[in-house]
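**Q**
In UniProt numbering, the protein residues as written are 1 to 329.
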């Protein structure tokens, strides 16, 4: 036996074998305070660019194992982008079909990716009673289910496998990566699956952890007034069935402008090219950190990368228009 043949190869069976094991980095350039350490879990380094790879993989592969998703079935889901893209990858890998219901705020880059990945895209344009499109998207999902025998609604807002993916994934990894206990967890919310899965696992090891949800201004998840939101992937115009407010210690609402500035500041100081949800987390920490007891350690979840937001938070004209709207509100 040669030396080369005695070493096990590390070759995945698909791109989904590369999901997870994302690094944690210290943000000492962005937050240089000596008595307040901020570290970030870079979920944006998952293969399709977001933490949604975890939930898509876990939901689809669990469903295939227990028979709730049949071979060759059609998946249907409402998504503003990242989860839809992750499901499209899952469908490709596992020989499934996928229909993604989107709205006019879905970015051009996300639409192009969905089409290239072979997803069928259903666009809704009716604004719902909350001033957004989520209820309209869900109505279209139900219409598609009614006329597509055997179709499976993934339903990320109510599917327990959503939070379980992060309990067994991101949360479990953090319990191994962090030796010194974190005092605070900051995470963006939309379905609330990721923040609940991570916090439930982390609190098993670090029971004193305080959990801070970063929501969008205009989102109703935690009782806020509904309003217009331009950045996809954070906030919601309905309360998710998964939501468990009693497990959240604090909520910080961040508007589109502050999220954009958070993205730009992160890129300028740390060289991390992140999406709008991540920028919201940065802005929330920036606002909250001065009031936290010292010393303290903060762990942040950075959900998505920035290439799909070039025409939003990284576009100077878009930011100027968003600032003008805020100033005139």
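From the three backbone atoms N, C-alpha and C, an ideal C-beta is built for every residue, glycine too.
Throw me the rounded Cβ distance for the residue 233 and residue 190 pair, which I believe falls under 8 Å.
**A** Correct: roughly 6 Å between the Cβ atoms.
**Q** With which residues is residue 100 paired in a DSSP beta bridge?
**A** According to DSSP, residue 100 bridges with 77 and 121.
**Q** Counting only runs that start and end within the segment 220 to 267, where is the beta strand (DSSP E) found for 3 or more residues in a row?
**A** Qualifying beta strand (DSSP E) stretches, in chain order: 250 to 254.
**Q** Are there 16 or more other CB atoms within 10 angstroms of the CB of residue 204, so buried, or fewer, so exposed?
**A** Exposed, by the Cβ-count rule.
**Q** CB-CB under 7 Å to residue 19, same chain, minus the five flanking residues each way: which ones, in chain order?
**A** If we look at residue 19 and ignore the five residues flanking it on each side, its Cβ neighbours are 46, 47, 53, 54 and 57.
**Q** Among 257, 272, 143 and 115, whose alpha-carbon lies nearest the alpha-carbon of residue 316?
**A** Comparing Cα-Cα distances from residue 316 to each of 257, 272, 143 and 115, the minimum goes to 257.
**Q** Quick check on DSSP: helix, strand or coil for residue 291?
**A** It is helical.
**Q** Give the DSSP bridge partners of residue 37, in chain order.
**A** 297.
**Q** What three-state label does DSSP hand residue 214 in the structure shown?
**A** Residue 214 falls in the strand class under three-state DSSP.
**Q** Does the pairing of the segment 187 to 201 with the segment 86 to 100 give three or more beta-carbon distances under 8 Å?
**A** The answer is no - the segment 86 to 100 does not touch the segment 187 to 201, with fewer than three Cβ pairs under 8 Å.
**Q** Which residue or residues does DSSP assign as beta-bridge partners of residue 305?
**A** Answer is 274.
**Q** Assuming residue 134 contacts residue 236 under a Cβ cut-off of 8 Å, what Cβ separation, rounded to an integer in Å, is found between them?
**A** About 6 Å; that satisfies the 8 Å criterion.
**Q** Since residue 304 and residue 278 are thought to touch, with beta carbons under 8 Å apart, how far apart are those beta carbons, to the nearest angstrom?
**A** Between residue 278 and residue 304 the Cβ distance is about 6 Å, and since that is below 8 Å, they are a contact.
**Q** For residue 172, which residues from the same chain have a beta carbon less than 6 Å from its beta carbon, with the 5 sequence-adjacent residues on both sides left out?
**A** Correct list, in chain order: 201.
**Q** I'd like to know if the segment 173 to 180 and the segment 212 to 220 are in contact, where contact means that at least 3 CB-CB pairs between them fall below 8 Å.
**A** No, the segment 173 to 180 is not in contact with the segment 212 to 220.
**Q** For the alpha helix (DSSP H) holding residue 31, just list the boundary residues, first then last.
**A** It is not in any alpha helix (DSSP H) - residue 31 carries neither H nor E in the DSSP assignment.
**Q** Whose C-beta lies closer than 7 Å to the C-beta of residue 249 among residues of the same chain, with five residues either side of it excluded?
**A** The answer, listed in chain order, is 210, 211 and 212.
**Q** For residue 326 and residue 283, what's the separation of their Cα atoms in angstroms?
**A** The alpha-carbon atoms of residue 326 and residue 283 are separated by roughly 16 Å.
**Q** Between the Cα of residue 169 and the Cα atoms of 10, 23, 11 and 9, which residue gives the shortest distance?
**A** For the residues 10, 23, 11 and 9, the minimum Cα distance to residue 169 belongs to 23.
**Q** Mark residue 260 as exposed unless 16 or more other C-beta atoms lie within 10 angstroms of its C-beta, in which case mark it buried.
**A** Classification for residue 260: buried.
**Q** To which residues does DSSP link residue 42 through a beta bridge?
**A** Beta-bridge pairing links residue 42 to 302.
**Q** Taking the alpha helix (DSSP H) that residue 83 belongs to, which residues open and close that run?
**A** It spans 82 to 94 - the alpha helix (DSSP H) in which residue 83 sits, taken as one unbroken run.
**Q** Hey, quick one: how far does the beta strand (DSSP E) through residue 15 stretch, first residue to last?
**A** No beta strand (DSSP E) contains residue 15, which DSSP labels as neither H nor E.
**Q** What are the boundary residues of the beta strand (DSSP E) that residue 174 is part of?
**A** Premise fails: residue 174 lies in the alpha helix (DSSP H), 172 to 177, not in any beta strand (DSSP E).
**Q** From what residue to what residue does the beta strand (DSSP E) around residue 113 run?
**A** Note, residue 113: premise wrong, no beta strand (DSSP E); alpha helix (DSSP H) at 108 to 116.
**Q** Determine the direct distance from the alpha carbon of residue 158 to that of residue 245, and round the result to whole angstroms.
**A** Each residue's Cα considered, the two are about 15 Å apart.
**Q** Find out if the Cβ-Cβ distance for the pair residue 87, residue 77 is shorter than 8 Å.
**A** Contact flag set, yes.
**Q** At which residue ranges does the segment 136 to 193 contain complete alpha helix (DSSP H) runs of 4 or more residues, listed in the order of the chain?
**A** Correct list: 160 to 166 and 172 to 177.
**Q** Could you tell me which residues DSSP puts in a beta bridge with residue 24?
**A** Paired residue(s): 41.
**Q** Locate the alpha helix (DSSP H) running through residue 208, then write down its first and last residues.
**A** It is not in any alpha helix (DSSP H) - residue 208 carries neither H nor E in the DSSP assignment.
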